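Residue numbers (our numbering), protein chains in the order written: chain A, 83 to 196; chain B, 73 to 184.
To start, the structure under review is shown below, and the notes come after it.
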Amino acid sequence: DTEVTQTPKHLVMGMTNKKSLKCEQHMGHRAMYWYKQKAKKPPELMFVYSYEKLSINESVPSRFSPECPNSSLLNLHLHALQPEDSALYLCASRLTTGIDNEQFFGPGTRLTVL
Amino acid sequence: AQSVTQLDSHVSVSEGTPVLLRCNYSSSYSPSLFWYVQHPNKGLQLLLKYTSAATLVKGINGFEAEFKKSETSFHLTKPSAHMSDAAEYFCVVSDPGNQFYFGTGTSLTVIP
């Protein structure tokens, strides 16, 4: 199994809603990432988990709350989002050691905030 | 510090002609370099990677890239463009930790 899965594919939410994005991989990777991508732009790093511990938080607003319940799962909890948070949210995973150190990306969740 | 510069924001080629997407990098370390492709509303797919082995790297779908340390470049090439190659391409450099640095992307258009 060499894929990263993300659910849901699409999400529409109001500014007062609470929702969660889910990411899963079964490749034994111990680093997992959340990125935000706006149209025609490169992905912007939000969070990195290494061995289930948060290792990088790129000054993301507290309305985004990551969680890594185990080595295969990564969640992103959303609350009180703003319309400018509408974007493609990408999850990626990576083997932390060795030369096979590329990131594997999921297909993304397209988020629309109304 | 690591950074990547993609020299062209947009490249347009005719089907069957060569493709050249340019990337220059800056790295404080011996770099690992990657090219990813992204089709509309999709995730990123790895095309190829350089991790200090052979300087000419072959990837999927006929793409290859050459690592040139003296020029700090890692340009992506393909001998003959196909319509399905139309997409956004990102050059990426990684650091010894867990962070990746993306270029701003090159949008490739293939004209039939």
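We put the CB at the ideal spot given by N, CA and C, even for glycine.
Being a predicted model, the structure only gives us computed values, none of them experimental.
Coil, strand or helix - Ser-156(B) by DSSP:
Counting from one through the second sequence, the residue named residue 156(B) turns up at place 84. Ser-156(B): helix per DSSP, three-state reduction.
Local conformation of Glu-166(A) per DSSP, three classes
What you label residue 166(A) is simply residue 84 of the first sequence in a count that begins at 1. Helix at Glu-166(A).
Measure the CB-CB distance between Gln-119(A) and Gly-188(A) and report whether it falls below 8 Å.
Here residue 119(A) corresponds to residue number 37 of the first sequence, with the count starting at 1. Here residue 188(A) corresponds to residue number 106 of the first sequence, with the count starting at 1. No, Cβ-Cβ distance for Gln-119(A) and Gly-188(A) is not below 8 Å.
Residue from Phe-172(B), Tyr-161(B) and Ser-166(B) with nearest C-alpha to Leu-180(B)
By 1-based counting over the second sequence, the position of residue 180(B) is 108. The candidate whose alpha carbon is nearest that of Leu-180(B) is Tyr-161(B).
Starting from the beta carbon of Thr-87(A), find every residue of chain B whose beta carbon is closer than 7 Å, and list them in chain order.
Here the question's residue 87(A) lines up with position 5 in the first sequence. Going along chain B, no residue has its Cβ under 7 Å from Thr-87(A), so there is no contact; the nearest lies around 10 Å.
Which residues does DSSP list as the beta-bridge partners of Cys-105(A)?
To locate residue 105(A), count along the first sequence from 1; it is residue 23. Bridge partners of Cys-105(A): Gln-88(A) and Leu-156(A).
Going along chain B, which residues have a C-beta under 9 Å from Gln-185(A)?
Indexing the first sequence from 1 puts residue 185(A) at position 103. Under the 9 Å cutoff, chain B gives Phe-106, Tyr-108, Leu-116, Leu-118, Val-164, Ser-166 and Phe-172.
Look at the Cβ atom of Ser-102(B), then the Cβ atom of Lys-121(B), and state whether they are nearer than 8 Å.
On the second sequence, position 30 is the one that residue 102(B) refers to. On the second sequence, position 49 is the one that residue 121(B) refers to. Result no, Cβ atoms of Ser-102(B) and Lys-121(B) do not sit closer than 8 Å.
For the beta strand (DSSP E) containing Glu-126(A), list its first residue and its last residue.
As a position in the first sequence, residue 126(A) is number 44, starting the count at 1. Per DSSP, Glu-126(A) belongs to the beta strand (DSSP E) from 126-132.
If you follow the beta strand (DSSP E) that Ile-138(A) is in, where does it begin and where does it stop?
Taking the first residue of the first sequence as 1, we reach residue 138(A) at position 56. That run of the beta strand (DSSP E) goes 135-139.
Given a cut-off of 8 Å on the beta-carbon distance, is the pair Tyr-131(A) and Gln-185(A) in contact?
For the purposes of this step, residue 131(A) is identified with residue 49 of the first sequence, where counting begins at 1. For the purposes of this step, residue 185(A) is identified with residue 103 of the first sequence, where counting begins at 1. No, the pair does not count as a contact, with Cβ atoms beyond the cut-off.
Below 9 Å on C-beta distance, what does Ala-162(A) contact in chain B?
Translated into positions along the first sequence, residue 162(A) becomes position 80. Residues of chain B passing the Cβ test: none, with the nearest at roughly 26 Å.
Applying the criterion that 16 or more other CB atoms from any shown protein chain within 10 Å of the CB defines a buried residue, is Lys-150(B) buried or exposed?
Locating residue 150(B) in the second sequence gives position 78, where the first residue counts as 1. Its Cβ being crowded by 16 or more others within 10 Å, Lys-150(B) is buried.
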